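This report refers to the structure that appears directly beneath it.
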Amino acid sequence: MPSHNKLKSRAAANVVSNIQIATNIYEMVLHHDDVSRATQPGQFINLYCNGKATLLPRPISICETQSDYGTMKIVYAVVGAGTEEFSQRQPGDTVDILGPLGHGYDMHEGVKEHIIVGGGLGIPPLLELTKRLIGKKKVVLGFRDETFLVDAFKHYADELYVATNDGSVGEQGTVIDILERHHIRGDMLYSCGPKAMLEEVQPWCIQHEIEGQISMEERMGCGFGACVGCVTKVKNQETEQWEYKKICSDGPIFYAKEVVFDV
Ligand code: FES
């Protein structure tokens, strides 16, 4: 993956809006010109908490940028004291951020048909990607039950499929069920979602000989390569040797064929 990383420093971003869009899920729009303009789809920012109970920053992927306005949207779940604190921020407040961090998705020229596969909270960073890709875009979004961001994807997707575990919205099944049911094929697949989903997406790509890029998740400490708290095992495609990579700075996007899930 090409490096988008440069040395960055923590900065205050202004909260433009912060609203709940589903149960325990919030959408925050932040204003910070430099970060908004520099962001590539698939990158993330560190958000810093003010509360004493939450010392580590929270890595949160960037859902969408509006570089003309210097703003970026993030979507996050309230799962603890840190994210609970974020959910209390009001327009006009500031929040400290660091970013953009990590490597985004490779957007190769000449790719004609794109398959974009997201699950749950892995869906948000795929919105900016879907917006920027050129070519035919087939988007598959998988949710447990409640959906979010579906209308936003409608603006940019040529084909949009929604699946829920129980079939309460869209079709019943997993994203793999949808890919197979509709015979969805393409030249490049981009994915982000829970590990269990990615573990199925990876062999699906290999089976169908479709190049895949997947976003890996790991509990992070620093978020920029300093603490070695986020290593994952990958296979170097040239040497065929195993290597350990830092998800935060070497990823979070890796090619599906180089990822190993059993560590
Ligand atoms: Fe510190 Fe990745 S989170 S090296």
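The numbers in my numbering rise by one with no breaks, and the one at position 52 of the sequence shown is 114. Note that CB positions come from ideal geometry on N, CA and C, so glycine has one too. Just so you know, these numbers come straight off a predicted model, no measurement behind them.
- Our two residues, residue 304 and residue 274, have alpha carbons roughly 19 Å apart in a direct line.
- Short of 8 Å from the beta carbon of residue 170, and not among the five residues preceding or following it, lie these beta carbons of its own chain, in chain order: 250.
- Runs of alpha helix (DSSP H) with 4 or more residues, each lying fully within the stretch 215–293, are found at 237–243, 257–269, listed in chain order.
- Residue 195 has its alpha-carbon roughly 10 Å from the corresponding atom of residue 175.
- Going by beta carbons, residue 218 and residue 189 fall inside the 9 Å limit.
- By the Cβ neighbour-count rule, residue 96 is exposed, with fewer than 16 other Cβ atoms within 10 Å of its own.
- For ligand 1, a non-hydrogen atom lies closer than 8 Å to the CB of residue 311.
- Of the residues assessed, residue 103 falls on the buried side of the cut-off, its CB having 16 or more other CB atoms within 10 angstroms.
- Per DSSP, residue 106 lies in no alpha helix (DSSP H); the unbroken beta strand (DSSP E) holding it starts and ends at 106–109.
- Closest in C-alpha terms to residue 266, from the list 240, 234, 290, comes 240.
- Taken in chain order, the complete alpha helix (DSSP H) segments of 4 residues or longer contained in the stretch 148–209 are 187–194.
- For the pair residue 121 and residue 310, the CB atoms are nearer than the 9 Å cut-off.
- Within 8 Å of the C-beta of residue 282 there is at least one heavy atom belonging to ligand 1.
- Within the same chain, and ignoring the five residues on either side of residue 299 in sequence, the residues whose Cβ sits closer than 8 Å to its Cβ are 317, 319, 320.
- Annotation for residue 123: the continuous beta strand (DSSP E) segment containing it runs 120–128.
- Placement of the Cβ of residue 308 at a distance of less than 8 Å from at least one heavy atom of ligand 1 is found.
- Short of 6 Å from the beta carbon of residue 262, and not among the five residues preceding or following it, lie these beta carbons of its own chain, in chain order: 238.
- For residue 100, the enclosing alpha helix (DSSP H) covers residues 95–100.
- With a cut-off of 8 Å on Cβ pairs, the stretch 279–295 is not in contact with the stretch 129–149, counting fewer than three such pairs.
- Taking 9 Å as the cut-off, the beta carbon of residue 268 is found no closer than this to the beta carbon of residue 167.
- Within the same chain, 197, 249, 250 come within 7 Å of residue 173 by CB-CB distance, once the 5 residues on both sides are set aside.
- Within its own chain, the residues whose Cβ lies closer than 8 Å to the Cβ of residue 154, once the five positions on either side in sequence are excluded, are 76, 77, listed in chain order.
- Of the residues 297, 206, 136, 118, the one whose Cα lies closest to the Cα of residue 142 is 118.
- Contact between residue 220 and residue 199 holds, since their C-beta atoms are separated by about 5 Å, short of 8 Å.
- Per DSSP, residue 74 is one residue of the beta strand (DSSP E) stretching across 73–84.
- Minimum Cα-Cα distance from residue 160 among the listed residues 71, 288, 302, 278 corresponds to 71.
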